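Novice: A single structure is presented below for examination.
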Amino acid sequence: MSKFVIITDATSDIPQPLVDKYKLDYIPMEVNFGEKVFKQYLDERDLKLEDFYARLDNKELATTTLINMQTFIDKFTPYLEKGFDVMFIGISSGLSASLSQALLAKEELESEFKGRIVRIVDSKSASMAEGYLVLEALKKQASGASLEEVAAHVESIVPHTIAFFVPINLETLRRGGRISAVKAVIGDKLGVKPILKLDNEGKIVQLSKARGFKKALRTLVDISSERISHPYTGSFHIVHANNEPAAKLLAELFIEANGGGEVTIGNLGPVISAHTGTGAVCIVFNGTHR
Numbered sequence: 010m011s012k013f014v015i016i017t018d019a020t021s022d023i024p025q026p027l028v029d030k031y032k033l034d035y036i037p038m039e040v041n042f043g044e045k046v047f048k049q050y051l052d053e054r055d056l057k058l059e060d061f062y063a064r065l066d067n068k069e070l071a072t073t074t075l076i077n078m079q080t081f082i083d084k085f086t087p088y089l090e091k092g093f094d095v096m097f098i099g100i101s102s103g104l105s106a107s108l109s110q111a112l113l114a115k116e117e118l119e120s121e122f123k124g125r126i127v128r129i130v131d132s133k134s135a136s137m138a139e140g141y142l143v144l145e146a147l148k149k150q151a152s153g154a155s156l157e158e159v160a161a162h163v164e165s166i167v168p169h170t171i172a173f174f175v176p177i178n179l180e181t182l183r184r185g186g187r188i189s190a191v192k193a194v195i196g197d198k199l200g201v202k203p204i205l206k207l208d209n210e211g212k213i214v215q216l217s218k219a220r221g222f223k224k225a226l227r228t229l230v231d232i233s234s235e236r237i238s239h240p241y242t243g244s245f246h247i248v249h250a251n252n253e254p255a256a257k258l259l260a261e262l263f264i265e266a267n268g269g270g271e272v273t274i275g276n277l278g279p280v281i282s283a284h285t286g287t288g289a290v291c292i293v294f295n296g297t298h299r
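10 is the number of the first residue of the sequence shown in this note's numbering; add one for each residue after it.
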């Protein structure tokens with residue numbers, strides 16, 4: 010069985026202790042404030058989350074950049090030269106064109122390194138939903154599974170990896186083209202918050218809406234409860250953009266409604282927060298369907 014390495018990108022928002030535990034390699038992603046370019050590393054070496062959130066709250070516009078083909082080639086090549094195959098699990102193709110660049114890199118590299126495999130897996134997810142899939146891949150790999158067995162495992166659980174989120178700042182979503190200007194203005198004036206999800210194509214769509222942020226969190230939990238067994242004995246993940254009180258409240262509501270669950274709480278990184286705005290809260294869990 011060929012040796013292989015699993016690589017992801019920084020939008021997976023995997024906590025640094027787990028990056029260290031699995032010796033996980035990943036590709037940082039660019040976040041821009043005007044002409045100033047930062048890279049999102051999971052250890053915050055180039056851009057501290059606290060500073061990033063403060064700049065967003067100060068109404069600075071953050072933009073993001075896809076990972077280009079050459080960056081993938083530069084990351085994958087050293088492993089292929091050492092005789093490793095490569096599996097890349099990346100941000101949803103429904104959210105970023107990075108995956109198409111990875112596929113171009115795959116074509117070029119498999120032509121250059123005959124007999125080596127570069128496997129590109131579309132997570133159809135982002136943030137900790139993507140991170141969850143990467144961690145599942147790493148665990149499967151550690152059990153002795155082959156590259157194709159790991160890829161099949163990950164692709165089988167993609168449709169059951171659910172990510173729901175509630176934003177506070179609708180203007181950020183409007184600027185990113187996720188909702189219309191009319192919806193953003195009306196929503197902000199009336200306090201109506203959309204409840205959004207990643208659909209089966211990995212695109213952001215509106216699932217529901219509620220008047221007020223706390224009501225939206227409760228509605229999110231109600232919808233989540235329809236997609237899991239009770240009592241819930243699995244784990245779930247909550248990530249937030251500088252809104253830990255809301256993250257803790259959401260965890261409490263989910264556990265109370267579903268009779269259990271083991272939670273981890275983390276941060277939405279700069280690339281994703283650039284599109285959700287500060288205050289957003291996201292829950293990730295395994296369920297029946299997206």
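Backbone N, C-alpha and C define an ideal beta-carbon position, used for all residues, glycine too.
The structure displayed is predicted, hence computed values, not measured ones.
Along the chain, where does the beta strand (DSSP E) that runs through ILE126 open and close?
Specialist: The sequence position of residue 126 within the sequence shown is 117, counting from 1. Where ILE126 is concerned, there is no enclosing beta strand (DSSP E), given that its DSSP letter is neither H nor E.
Novice: Would a C-beta distance cut-off of 9 Å place GLN110 and LEU142 closer than the cut-off?
Specialist: As a first step, residue 110 is located in the sequence shown; it is residue number 101 there, counting from the start. As a first step, residue 142 is located in the sequence shown; it is residue number 133 there, counting from the start. Contact: no.
Novice: Expressed to the nearest angstrom, what Euclidean distance is found between the alpha-carbon atoms of ASN77 and HIS239?
Specialist: The residue you call residue 77 lines up with position 68 of the sequence shown. The residue you call residue 239 lines up with position 230 of the sequence shown. Distance between the alpha carbons of ASN77 and HIS239: 44 Å.
Novice: Using 10 angstroms around the beta-carbon of THR17, count the other beta-carbons present and answer buried if the total reaches 16, otherwise exposed.
Specialist: Counting from one through the sequence shown, the residue named residue 17 turns up at place 8. Answer is buried; the Cβ neighbour count reaches 16.
Novice: Can you tell which of ASN295, ASN178, LEU65 and LYS206 has the C-alpha that lies nearest to the C-alpha of GLY200?
Specialist: Taking the sequence shown and counting its residues from 1, the one referred to as residue 200 is at position 191. Checking every option, the nearest Cα to that of GLY200 belongs to ASN178.
Novice: Could you compute how far the alpha carbon of GLY296 sits from the alpha carbon of GLN25?
Specialist: Reading the sequence shown from its first residue, position 287 is the one you call residue 296. Reading the sequence shown from its first residue, position 16 is the one you call residue 25. Computed Cα separation, rounded: 26 Å.
Novice: Taking 9 Å as the threshold (C-beta atoms), are HIS249 and SER290 in contact?
Specialist: Indexing the sequence shown from 1 puts residue 290 at position 281. Indexing the sequence shown from 1 puts residue 249 at position 240. In the sequence under discussion, the amino acid at residue 290 is Val, which differs from the Ser named in the question. Yes. Within cutoff.
Novice: Does DSSP put ALA172 in a helix, in a strand, or in coil?
Specialist: Your numbering for residue 172 matches position 163 in the sequence shown. ALA172: strand per DSSP, three-state reduction.
Novice: Count the other C-beta atoms from every protein chain shown that fall within 10 angstroms of the C-beta of LYS68, then say buried if there are 16 or more, exposed otherwise.
Specialist: On the sequence shown, residue 68 is found 59 positions in, with the first residue counted as 1. It counts as exposed.
Novice: Would you mind reading off the limits of the alpha helix (DSSP H) that contains MET78?
Specialist: As a first step, residue 78 must be located in the sequence shown, where it is residue number 69. Taken as a continuous stretch (DSSP letters only), the alpha helix (DSSP H) holding MET78 covers 78-90.
Novice: What's the gap between the Cα of LYS148 and the Cα of GLY99?
Specialist: Walking along the sequence shown from the start, residue 148 turns up at place 139. Walking along the sequence shown from the start, residue 99 turns up at place 90. LYS148 and GLY99: Cα-Cα distance of roughly 17 Å.
Novice: Look at the alpha carbon of SER134 and the alpha carbon of LEU89, and state the distance between them as a whole number of angstroms.
Specialist: By 1-based counting over the sequence shown, the position of residue 134 is 125. By 1-based counting over the sequence shown, the position of residue 89 is 80. About 26 Å.
Novice: Decide if LYS299 is buried, meaning its Cβ has at least 16 other Cβ atoms within 10 Å, or exposed.
Specialist: For the purposes of this step, residue 299 is taken as residue 290 along the sequence shown, with counting starting at 1. As written in the sequence, residue 299 is Arg, which differs from the Lys given in the question. With 16 or more other Cβ atoms within 10 Å, it is buried.
Novice: For GLY140, which residues in the same chain have their Cβ closer than 7 Å to its Cβ, ignoring the five residues on either side in sequence?
Specialist: The residue labelled residue 140 in the question sits at position 131 within the sequence shown. Around GLY140: SER21, ASP22 and ILE23.
Novice: Count the C-beta pairs between the segment 47-60 and the segment 114-123 that are closer than 8 Å, then say yes if the count reaches three, no if not.
Specialist: With a cut-off of 8 Å, the segment 114-123 and the segment 47-60 do not count as touching, because too few Cβ pairs lie within range.
Novice: Among the residues of its own chain, which have a CB less than 6 Å from the CB of GLU271, if the five just before and after it don't count?
Specialist: The count along the sequence shown starts at 1 and reaches residue 271 at position 262. Only SER244 meet the Cβ criterion.
Novice: If you compare alpha carbons, which of TYR50, SER217, VAL130 and GLY43 is closest to GLY278?
Specialist: To locate residue 278, count along the sequence shown from 1; it is residue 269. Of TYR50, SER217, VAL130 and GLY43, the residue nearest in Cα terms is TYR50.
Novice: Please report the straight-line C-alpha distance between ILE264 and ARG227, rounded to a whole angstrom.
Specialist: Reading the sequence shown from its first residue, position 255 is the one you call residue 264. Reading the sequence shown from its first residue, position 218 is the one you call residue 227. If you take the alpha carbons of ILE264 and ARG227, they lie about 12 Å apart.
Novice: Can you pull the DSSP bridge partners for ARG220?
Specialist: By 1-based counting over the sequence shown, the position of residue 220 is 211. VAL201.
Novice: Is it buried or exposed for ALA190, if we count other Cβ within 10 angstroms and need 16 for buried?
Specialist: Taking the sequence shown and counting its residues from 1, the one referred to as residue 190 is at position 181. Its pLDDT being 44, under 50, ALA190 is placed unreliably in this model, and the coordinates cannot settle the point.
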